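Q: Before we start, here is the structure in question, set down as structure tokens.
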Amino acid sequence: NAGVTQTPKFRILKIGQSMTLQCTQDMNHNYMYWYRQDPGMGLKLIYYSVGAGITDKGEVPNGYNVSRSTTEDFPLRLELAAPSQTSVYFCASSYSSQRQANYGYTFGSGTRLTVV
Amino acid sequence: QQPVQSPQAVILREGEDAVINCSSSKALYSVHWYRQKHGEAPVFLMILLKGGEQKGHEKISASFNEKKQQSSLYLTASQLSYSGTYFCGTVQGAQKLVFGQGTRLTINP
Chain L
170 NAGVTQTPKF RILKIGQSMT LQCTQDMNHN YMYWYRQDPG MGLKLIYYSV GAGITDKGEV
230 PNGYNVSRST TEDFPLRLEL AAPSQTSVYF CASSYSSQRQ ANYGYTFGSG TRLTVV
Chain W
399 QQPVQSPQAV ILREGEDAVI NCSSSKALYS VHWYRQKHGE APVFLMILLK GGEQKGHEKI
459 SASFNEKKQQ SSLYLTASQL SYSGTYFCGT VQGAQKLVFG QGTRLTINP
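Protein sequences, first through last, are from chains L and W.
Heads up: the first sequence begins at 170 in this note's numbering, then just goes up one per residue.
Heads up: the second sequence begins at 399 in this note's numbering, then just goes up one per residue.
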């Protein structure tokens, strides 16, 4: 079991460039999330998904897009990168059922993105 | 709405105890606690699902007071390995976690 895998681990982008952050999980979790963490700060929710084909905005969705075509994958797309998007991005997954509302999140190791 | 954690930072000697508080202005249905070491991903510690519930994880335990809309994390006889930033997270619809700003815990020998 690899858990939650994120690629790449590091990336430097120029202003205006685009990129996709990859996230995949092998735990058959139905919920997946993207958070960003600015230096010394907490985690802010960007987008989340409750299952394949279903996504919704979190607290800070502007400048990002997501898709969820399979249970395993939840890529995050940055269009027209800006310096304000310099951050560490974490993907997470969890399982939820009718029996128990939620379980703990499993986080990926993160992608450190710098926009210059 | 983001839960509020206090204190923002704590410095302890090994073997001392600490309490980290998490409060919300919204009704709480469950509270998560995570620990993040520098340069690493947050790691799940525990979840509290019911008001008044207490749970434990090694020498780390937590309580959840639904009426007061707050949770507390207790670290007893702290070890060097407990150093890191602790985050509480409150569930706000569709299993979305909103995290507090974090409490940085430093344990000195």
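From the three backbone atoms N, C-alpha and C, an ideal C-beta is built for every residue, glycine too.
Keep in mind it's a predicted model, so treat the numbers as computed, not measured.
1) Do we get a CB-CB distance below 9 Å when we pair L/TYR200 with the residues of chain W?
2) For L/TYR200 versus L/ILE215, is the C-beta spacing smaller than 9 Å?
3) Do three or more CB pairs link the stretch 235-246 of chain L to the stretch 206-224 of chain L at distances below 8 Å?
4) Could you tell me whether the Cβ of W/PRO440 comes closer than 9 Å to any Cβ of chain L?
5) Spell out the partners DSSP gives W/GLN403 in its beta bridges.
6) Taking the runs of the beta strand (DSSP E) that are 3 residues or longer, which of them lie wholly in the stretch 229-284 of chain L?
7) So does the stretch 459-475 of chain W actually touch the stretch 405-415 of chain W, counting three or more Cβ pairs closer than 8 Å?
8) Taking L/GLN194 as the reference, give the member of L/SER256, L/SER262, L/THR283 and L/GLU248 with the closest Cα.
9) List the residues of chain W whose Cβ lies closer than 7 Å to the Cβ of L/SER262, in chain order.
10) For W/PRO468, which residues in chain L fall below 8 Å Cβ to Cβ?
11) Would you report the Cα separation of W/LYS424 and L/TYR272, rounded to the nearest angstrom?
12) For L/ILE181, tell me which candidate among L/TYR264, L/THR275, L/LEU247 and L/MET196 has the shortest Cα-Cα distance.
13) For chain W, is any of its Cβ atoms less than 9 Å away from the one on L/VAL219?
14) Under the DSSP definition of a beta bridge, which residues are partnered with W/ILE445?
15) Is the CB-CB distance between W/ARG433 and W/TYR480 below 9 Å?
16) Counting only C-beta atoms, is W/ILE418 closer than 9 Å to chain L at any point?
17) I want to see whether chain L comes within less than 9 Å of W/PHE462, judged by CB atoms only; does it?
18) Please classify W/GLY498 as buried or exposed, where buried requires at least 16 other C-beta atoms within 10 Å of its C-beta.
19) Which first and last residues belong to the beta strand (DSSP E) in which L/GLN206 is found?
20) Can you have a look at W/PRO440 and say buried or exposed, based on whether 16 or more other CB atoms are within 10 angstroms of its CB?
21) Comparing the C-beta of W/LEU503 with each C-beta of chain L, is any distance below 9 Å?
22) Does the beta carbon of W/LEU443 come closer than 9 Å to any beta carbon on chain L?
23) Leaving out five residues on either side along the sequence, give the residues of the same chain with a beta carbon under 8 Å from the beta carbon of W/THR504.
24) Can you tell which of L/PHE179, L/ASN170 and L/GLY209 has the C-alpha that lies nearest to the C-alpha of L/ASN197?
A: Reading off the structure:
1) yes
2) no
3) Segments in contact, yes.
4) yes
5) Per DSSP, W/CYS420.
6) 233-235, 245-247, 256-263 and 280-284
7) yes
8) L/SER262
9) Near L/SER262 there are no residues of chain W at all, since even the closest Cβ is about 11 Å away, more than 7 Å.
10) Here residue 468 of chain W turns out to be Gln, not Pro, going by the sequence shown. Within 8 Å Cβ-Cβ: nothing; W/GLN468 doesn't reach chain L, min ~17 Å.
11) 21 Å
12) L/LEU247
13) yes
14) W/HIS430
15) yes
16) no
17) no
18) Per the 10 Å Cβ criterion, buried.
19) 200-206
20) buried
21) no
22) yes
23) ALA407, VAL408, ILE409, LEU410 and SER481
24) L/ASN170
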